[in-house]
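Residue numbers (the numbering used here), protein chains in the order written: chain P, 683 to 798; chain X, 33 to 344. Glycine included, every Cβ here is placed at the ideal spot set by N, Cα and C. Some notes on the structure that comes next.
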Amino acid sequence: MTPSIMSPASDALYVWLVIIALAACTVITRAGFLLLGDNVPLPEGVRRALRYAPAAALVAVIVPDLLPWSAGAGPVFDWRAVSALVAIAVMMVTRNTIAMIAAGMAALWLLRWLLG
Amino acid sequence: MNQILYQSATGSSGEAGVQGSAPDAARESGKIRVITYNSCKPSLYSFPARREPAAVPPIPMSAMRPSAAVPGFSPQERRAAIVAGLKALAPTTIAIGVWGMVSGVAMVKIGMSQSLALAMTFLVYAGSAQLAALPLIVAGAPVWLVFAAGCVVNLRFVIFAAALHPYFRRYSRWRRLGLGFLTSDIGFVLFMPRYGDAAVKGTPEQTWFFLGSALGNWLTWQVCSVAGILLGAVVPQAWSLEFAAVLALIAIVVPMVASRPVLAAVAAAAVVGWAGQLLPLRLGLVLAVVAGVTAGVFAEKALDGKTRGARL
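Next up, the structure:
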């Protein structure tokens with residue numbers, strides 16, 4: 683998630699398509715069952731398997747962001763990974779999202795200031 | 033407690049909190065879970081049992097619209113239900129606000145224009161899906177992959193909708209669409225412990241309580257998200273505030289990891305997601321989800337066998 687001037691995020695058409703796609707995600711997942719619930723059978727096995735998908739997807743988005751690979755140089759180390767571990771520890775102790783985000787940001791700033 | 037939930041599952045309607053159709057054998061083998069709704073942990077919710085449509089209690093036509101004057105439900109009662117929803121929401125407003133602001137700042141910080149960020153917050157209104165999409169946007173991932181990732185991240189709402197369905201099934205399509213769009217993690221978590229065991233599902237009080245908390249949630253989120261979008265342009269790049277978005281995503285995952293199968297799923301997804309980075313189009317994400325689900329299902333089966341063995 684390193685922003686740059688040439689980022690696809692500045693391509694308005696692409697971002698609009700993404701927004702429309704995500705809006706469709708919201709409607710399908712939140713209202714889909716409310717609209718079709720009486721007609722959609724969800725087998726028990728599928729239901730059980732689906733419980734693992736959200737956590738897996740979120741982790742698969744997070745990990746490359748914390749421990750990126752660059753095409754030529756292989757794995758790259760970033761203090762963000764260490765800061766994330768600090769934040770996770772704080773989260774497990776306090777169970778507080780705000781304390782967790784604050785601790786993670788503080789750890790990142792401190793590590794970069796102390797160690798570059 | 034266990035017995036009460038079990039009865040409600042075998043009666044006319046099952047709900048989240050009790051797993052599937054509930055034969056005694058399954059309960060004895062510990063497969064029925066009694067769920068407490070103490071935080072936004074999608075992994076904790078079980079799916080509701082399927083019901084036959086005939087099991088719906090008959091409701092008079094006059095009650096079909098929450099705004100219509102329903103006999104026995106006065107405007108005062110409606111107000112009280114909305115206020116109750118807002119009061120239940122109050123302790124969580126700071127968390128919702130911080131979340132909204134973090135996503136607002138993050139959208140601008142990855143290089144989206146403010147108008148696009150505003151469009152995203154109002155049209156998508158799904159913090160975790162938005163935040164999960166941002167690294168994909170930066171990587172220029174194809175739209176279908178962002179769509180697939182958003183749907184997977186949002187899968188928990190399918191579970192929520194399945195649980196809320198008995199309460200909203202009597203409304204028109206458009207109303208159900210609106211109620212669905214406004215469903216949030218916190219709105220669901222506030223609703224189910226209050227009305228999960230209700231004898232009659234779909235009363236105006238329930239709907240207005242839901243709407244009170246849902247609209248309060250929407251307003252808090254959007255105000256803070258817009259503030260974040262405006263603030264994002266002012267905050268220096270050196271602060272790396274977009275990292276707060278990654279932290280916010282981690283904050284969703286940590287409470288999800290409440291059992292060993294989920295831990296196995298998360299570990300598998302992390303390894304495959306890390307190793308799969310060099311694949312084009314961020315396909316590593318797809319592989320990681322498949323690996324995670326597979327690991328979770330296998331771990332569940334393996335642990336089930338173990339606990340049964342221990343009991344015998």
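Contact check, residue i vs residue j, beta carbons under 8 Å
i: leucine 243/X; j: leucine 717/P; result: no
i: glycine 308/X; j: alanine 297/X; result: no
i: arginine 733/P; j: phenylalanine 213/X; result: no
i: leucine 793/P; j: tryptophan 751/P; result: no
i: isoleucine 218/X; j: asparagine 249/X; result: yes
i: valine 700/P; j: valine 178/X; result: yes
i: alanine 276/X; j: isoleucine 770/P; result: no
i: alanine 694/P; j: leucine 150/X; result: no
i: alanine 181/X; j: leucine 317/X; result: yes
i: proline 198/X; j: lysine 233/X; result: yes
i: arginine 292/X; j: alanine 327/X; result: no
i: serine 216/X; j: glycine 132/X; result: no
i: alanine 173/X; j: valine 741/P; result: no
i: phenylalanine 200/X; j: leucine 211/X; result: yes
i: valine 267/X; j: isoleucine 780/P; result: no
i: serine 692/P; j: glycine 143/X; result: yes
i: aspartate 715/P; j: valine 190/X; result: The displayed chain sequence assigns phenylalanine, not aspartate, to residue 715/P. In this structure, valine 190/X lies closer than 8 Å to phenylalanine 715/P by Cβ.
Residue i at chain P interface by Cβ criterion, 8 Å
i: glutamine 162/X; result: yes
i: proline 167/X; result: yes
i: alanine 193/X; result: yes
i: arginine 65/X; result: Reliability of the predicted coordinates at arginine 65/X is poor, the pLDDT of 43 falling under 50, and the value obtained from them is presented with this limitation in mind. It does not; no Cβ of chain P falls within 8 Å.
i: glycine 234/X; result: no
i: glutamine 254/X; result: no
i: phenylalanine 200/X; result: yes
i: alanine 127/X; result: yes
i: arginine 208/X; result: yes
i: arginine 292/X; result: no
Among the options, nearest to residue i - alpha-carbon criterion
i: alanine 625/P; options: Val278/X, Met288/X, Leu317/X and Pro312/X; result: It is not possible to answer for residue 625/P, since the shown part of chain P is limited to 683 through 798.
i: alanine 739/P; options: Ile218/X, Gly248/X, Ile282/X and Leu335/X; result: Ile282/X
i: glycine 324/X; options: Gly305/X, Pro312/X and Lys333/X; result: Gly305/X
i: cysteine 183/X; options: Trp698/P, Pro690/P and Cys707/P; result: Cys707/P
i: methionine 152/X; options: Trp698/P, Pro750/P and Asn778/P; result: Trp698/P
i: methionine 224/X; options: Ala193/X, Arg207/X and Ala265/X; result: Ala193/X
i: tyrosine 222/X; options: Gly104/X, Ala120/X and Ser106/X; result: Note on residue identity: the sequence assigns leucine, not tyrosine, to residue 222/X. Cα-wise, what sits closest to leucine 222/X is Ala120/X.
i: glutamate 274/X; options: Asp747/P, Arg777/P and Tyr696/P; result: Asp747/P
i: serine 106/X; options: Val303/X, Arg292/X, Glu332/X and Trp240/X; result: Trp240/X
i: serine 689/P; options: Met139/X, Val285/X and Leu295/X; result: Met139/X
i: alanine 705/P; options: His197/X, Phe154/X and Ser216/X; result: Phe154/X
i: isoleucine 702/P; options: Trp176/X, Gly260/X, Phe220/X and Arg111/X; result: Trp176/X
i: leucine 790/P; options: Ala742/P, Val768/P, Thr776/P and Ile780/P; result: Val768/P
i: isoleucine 114/X; options: Val266/X, Pro236/X, Leu262/X and Glu332/X; result: Pro236/X
i: valine 156/X; options: Leu335/X, Ser145/X, Ser135/X and Ala173/X; result: Ser135/X
i: alanine 334/X; options: Ala301/X, Val303/X and Val294/X; result: Val294/X
i: valine 289/X; options: Ile780/P, Met774/P and Ala785/P; result: Met774/P
i: serine 245/X; options: Tyr203/X, Thr125/X and Glu109/X; result: Thr125/X
i: asparagine 778/P; options: Val285/X, Val322/X and Arg111/X; result: Val285/X
Secondary structure of residue i, DSSP reduced to three states
i: glycine 756/P; result: strand
Residue-chain proximity (residue i, chain X), Cβ-Cβ < 8 Å
i: phenylalanine 715/P; result: yes
i: glycine 719/P; result: yes
i: valine 745/P; result: yes
i: threonine 708/P; result: yes
i: leucine 699/P; result: yes
i: proline 690/P; result: yes
i: glycine 798/P; result: no
i: tryptophan 795/P; result: no
i: leucine 732/P; result: yes
i: proline 685/P; result: Bear in mind that the predicted position of proline 685/P carries a pLDDT of just 49, short of 50, making it unreliable; the figure below should be weighed with that in mind. Cβ-Cβ to chain X under 8 Å: yes for proline 685/P.
i: leucine 740/P; result: yes
i: leucine 790/P; result: yes
i: leucine 748/P; result: yes
i: glycine 711/P; result: In the sequence on display, residue 711/P carries threonine and not glycine. At least one chain X Cβ lies under 8 Å of threonine 711/P.
i: proline 725/P; result: no
Where residue i falls, given that 16 or more other Cβ within 10 Å makes a residue buried
i: serine 272/X; result: buried
i: valine 137/X; result: buried
i: leucine 311/X; result: exposed
i: tryptophan 253/X; result: buried
i: proline 287/X; result: buried
i: valine 170/X; result: buried
i: proline 736/P; result: buried
i: alanine 766/P; result: buried
i: leucine 797/P; result: exposed
i: isoleucine 744/P; result: buried
i: proline 123/X; result: exposed
i: isoleucine 261/X; result: buried
Cutoff 8 Å: residue i Cβ touching any chain A Cβ
i: alanine 763/P; result: Within the model displayed, chain A is absent; protein chains P and X are what it includes.
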